[in-house]
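Inspection log for the structure reproduced underneath, given as structure tokens.
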Amino acid sequence: MIAAGLLLAFSAVAFGKAHTSATPTINYVEGTAPDYLDPQLGYTTQAWEVHWLTNIGLYTYAHANGQAGTKLIPGIAKAQPHVSADGKTYTVQVRSGLKYSDGTPVKAEDFAYSIERAIKLGWGGKSFYTGYIVGADAFDKGKAKSISGIKTSGSTITIKLTTAYGAFENVLALPPSGFVPSGTAMKNLSSSPPPGFGPYKIDKVVPNKSFSVDLNPNYTPIAGVPKGKANISVKIAATTQTEAESVLNNSADVFDWGDQVPPSLLSQVKAKAASRYKLEPTISTFYFFMNTQTKPFNNQLAREAVNYAIDRRAISRLNGGNFIPTCWFLPDGMVGHTNAKCPYGDPNKAPQLAKAKALVKQAGLVGTPVTVWGQDRSPRKEFVDYYAGVLKSLGFKVTEKIISSAQYWATIGNAKTPNVQTGFADWNQDFPHPADFYFLAESKSIQPLNNENFSMIKDSYIDKTVARLGKYGGSKLSSVAGSWAKLEQYTAKKAYYANYGQQEVPLFTSSKIDFGKVIFTPVYGTDWSSLSVK
Amino acid sequence: MSSDAIGTGFSADPSELRATHEVEHPAGIGPYRLAWRRLRRNRIALAFGALFVVLVLLCLLAPVYASEIAHTGPNVNHITDQVHVGGKLKDVVSLEGVPIGPTWHGRFFLGADSNGRDVAVRLLYGGRNSLEVGAVATLITIILATILGTVAGFFRGWVDGIIARVLDVIWAYPVILLGVALGVALAVGGLNLGVFKLQGNSLMVPAAIIGFVYVPYVAKPIRAQVLGLREKEFVDAARTQGLSPLRIMVEEILPNVASTIIVFVPLIVANSILTEAGLSYLGAGVQPPNPSWGTMIGDGIRLIPSAIHLTIVPGLMLVLTILGINVFGDGVRDALDPRAKVRIER
């Protein structure tokens, strides 16, 4: 009896081993670790590329390349939400029979708990909830024990909003809106992330060094979200140089798309790994902000001069050639992006420096002191070095302030910081909706701390238009694409920003990976569930 | 002389001692003339001193080189420009962002950096900045350290207690750490001490920081020497004659610590230049777009595999300059006081 038992146990172990070894492991390298591996805290591309596979929420995005990858699809929800006529009430039905990675059943109540957890933990984007869901702000301030605007009855969730918000369906698809079981500790669980619903689960975390994203055995596939094909072992590389070298020489399999291949290795990569390297555009915009409330950029002529003067081709070279030169705020791939002629000349051609100088002279601003702000991180520092040179050539008296990347946004976003006149800024989409970009230009975004409207734009036309168009989301968004494009042309003519590029990022793998099958979504980049071994 | 107090080699034979003394101190020759005689005999020190002078001259001629040979300024970007090299037209910065290497011609003689700026021009202007910071920092250190060290050593008591403890506190912080903390803080807001104001990007900010952090390294030895000197007969004589403490310090004590101060000058210059390079490399020294050898090394780091000249060239200049000052400084020390051993311990 004992012998039979031992034999059975041995067989089970042996079978288990054989089963495990059948699942390939792909080695993924990142230059930067995710900020948090807790789904309700992560707010970087490195975190979200994992969490959208491990902690699906009511909605998620199609696993597809290009524009198709921006399509919202039901996740834990059964179907698209029912939205009331005034756009303020969302009713969602939850699927039944789903399980978390630890086997716990997924319940509709977990939605409210997950949102409350993101607010309680202080997720950086919690204003997406507190600014729109009834009672979320009171919960955040400790005035309520739960969010009054979220009600659950059986498998039905009703969410009431304070105001119609077209992009709210996208908010429900954000990784921090991903489900975790009710009762999950209200503390940062990055070193041992909570279970979630999705094709993968996070495992074996060594903070800032490595973690695993393994196939979730309890995942019940839902339409549009495929099962993964391999376990992913993630390692944090010391530098992007070692990161790129390891993929180039096949000692690692995937280069993180959030990093750039160093210029020094680019020619080697293009020569030796042409079949496993390409650039993919991201939904991002890089620009120099110009404070419209103080001299000299309170003068439209000065702002126009900057737009005429900057050589967008030059800045692309500083970025290793990984920019699509542009003068528009909304990037290609975003609803509202326009292909109209740039008002400041072709961004792929030489700038109009003489015209720019004449504008500054005409405005009587020659010799005006300008402080230019930038980050110490390369190549952003080089962008600002270049920009400072351009401003000097226009006749401004330029002072450059390069500060630590870690302190940069808080410093320039603080109303008490003196002389925040112009400098580097960029934006990567939180979700594919133009309102996610245009909130940077709304006057209500101006805050004494953590301000993101760096140009300090106070334009009632922009405010009214964004409020009106922002009500359209989901399938209705494309119906107002023309209106967004019109707003885009208005903003460009006002020269509130000096936009110069849309970032392209590398899709770069080892020769072990089936490169042709790798999906690159415009929302979360490399789709890990599409990674497979040849 | 102070060197008497430091002396270690006594001979048992008085005649031998007398002979040695006569060789070292020939009758009728002043101590500084004697030191100059000794220094002239030290060919290696003189050669390195000459090297340092040549480097300084080269850096001082930076504007001439920029306008007459390179035809560009230190902060002028040439990212999309092209230059003729060996009969071919080449991008100053390639489409992938890799800058051109040395052309060995007037333009981009030592190549370009990632912003297409002429490395040779920036190297010379960077040298000016590094030397300027080093010189001003040394001046600050020497002046403050001499005042504090002399006052503390002369008055002793509570004055010495306060000054010595303040110096201990500064001494306790690693130089680079203290420099980075001050540099980062001052880079944003500058320095505003009422009458004394400095912009955040002024070269005087790193100079003031470096000058400040090295004060204890010079003030402490001066204080120790003054503590000994104040007990000497000539100081007692001055007191008896009714001289004020200020006059005694200036007229009696200072001339006797002058050789120590002189020995410290090259050491502090060398250390200041090195510290400036370190701080600038870490972003807390000379602020961009102004070049310095430290910022140039920092900027070139990410391009080492494809454009190693960006780090090698300023690194080499730094090594040669420090070597020049240090070897010459050692020669000066040996000339002034062959038996003294002065070095900055960090």
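So the sequences go chain by chain: E and W.
Under my numbering, the first residue of the first sequence carries the number 127, and numbering increases by one thereafter.
Under my numbering, the first residue of the second sequence carries the number 156, and numbering increases by one thereafter.
Note that beta-carbon positions come from the ideal geometry of N, C-alpha and C, so glycine has one too.
Nearest Cα to SER285 of chain W within the set W:ASN445, W:ASP489 and W:ASN232: W:ASN445. When CB distances to chain E are screened at a threshold of 7 Å, the residues of the stretch 226-241 of chain W falling below it are ASN230, VAL231, ASN232, ILE234 and THR235, in chain order. Residues of the stretch 331-363 of chain W with a Cβ closer than 9 Å to any Cβ of chain E, in chain order: VAL339, ALA342, VAL343, GLY344, GLN354, GLY355 and ASN356. The count of Cβ pairs closer than 8 Å, one atom from the stretch 259-273 of chain W and one from the stretch 395-411 of chain E, stays below three, leaving the stretches out of contact. When CB distances to chain W are screened at a threshold of 9 Å, not a single residue of the stretch 156-176 of chain E falls below it. Annotation: ILE328 of chain E to ALA363 of chain E spans about 19 Å, alpha carbon to alpha carbon. Residue range 531-538 is occupied by the alpha helix (DSSP H) that includes SER531 of chain E. With contacts defined by Cβ atoms closer than 8 Å, TYR623 of chain E and SER581 of chain E form a contacting pair. Under DSSP, ILE328 of chain E takes part in a beta bridge, and its partners are E:VAL339.
For ARG277 of chain W, the nearest beta carbon of chain E is not closer than 8 Å to its own beta carbon.
Under the three-state reduction of DSSP output, GLN573 of chain E falls in the coil class, being neither helix nor strand. For VAL238 of chain W, the three-state secondary structure derived from DSSP is strand. Exclusion of the five residues before and after ILE234 of chain W leaves VAL247, VAL248, ASN270 and GLY271 as the residues of its chain whose Cβ lies within less than 8 Å of its Cβ. Excluding residues up to 5 positions away in sequence, ILE364, ILE365, VAL368, THR430, LEU434 and ALA439 lie with their Cβ nearer than 7 Å to the Cβ of GLY334 of chain W in the same chain. Using a CB distance cut-off of 8 Å, GLY438 of chain W counts as an interface residue toward chain E. With respect to chain E, the C-beta atom of GLY449 of chain W has no partner C-beta closer than 8 Å. Per DSSP, reduced to three states, the secondary structure at ILE298 of chain W is helical. Look at the beta carbons and you see the stretch 475-489 of chain W not touching the stretch 390-407 of chain W: under three pairs across the two are nearer than 8 Å. When Cβ-Cβ separations below 8 Å define contact, PRO469 of chain W makes no contact with chain E. Proximity of LEU409 of chain W to chain E, defined by a Cβ-Cβ separation below 8 Å, is not satisfied. Distance between PRO229 of chain W and THR497 of chain E, taken at the CA atoms: about 19 Å. Under DSSP, ALA267 of chain W forms a beta bridge with W:ASP273. By the neighbour-count criterion, in which a residue is buried when 16 or more other Cβ atoms sit within 10 angstroms of its Cβ, ARG378 of chain W is buried.
Taking a contact to require three or more Cβ pairs closer than 8 Å, the stretch 434-446 of chain E and the stretch 586-600 of chain E do not qualify as touching. In the three-state scheme derived from DSSP, where H, G and I count as helix and E and B as strand, ALA203 of chain E is classed as strand. Three or more beta-carbon pairs separated by less than 8 Å are not found between the stretch 255-271 of chain E and the stretch 219-228 of chain E, which leaves the two stretches without contact.
Residue environment for LEU657 of chain E: buried (at least 16 other C-beta atoms within 10 angstroms of its C-beta). For VAL253 of chain W, the chain E residues whose C-beta falls within less than 8 Å of its own C-beta are PRO389, SER390, LEU392 and SER393, listed in chain order. Residue pairing by DSSP places GLY549 of chain E opposite E:PHE415 and E:TRP499 in a beta bridge. The Cβ-Cβ distance between THR548 of chain E and ASN417 of chain E falls below 8 Å.
Apart from the 5 residues on each side of it in sequence, SER636 of chain E sits with its Cβ closer than 6 Å to the Cβ of VAL373, ASN376 and ASP379 in its chain, given in chain order.
In the displayed model, VAL649 of chain E falls within coil according to three-state DSSP, outside both helix and strand. Within chain W, the residues whose beta carbon sits less than 7 Å from that of ASP502 of chain E are GLY438, listed in sequence order. Between THR186 of chain E and GLY168 of chain E, the gap from beta carbon to beta carbon reaches 8 Å or more. Your pair ARG283 of chain W and LEU215 of chain W checks out as a contact, with CB atoms roughly 7 Å apart and the cut at 8 Å. Less than 8 Å divides the Cβ of GLN386 of chain E from the Cβ of THR366 of chain E.
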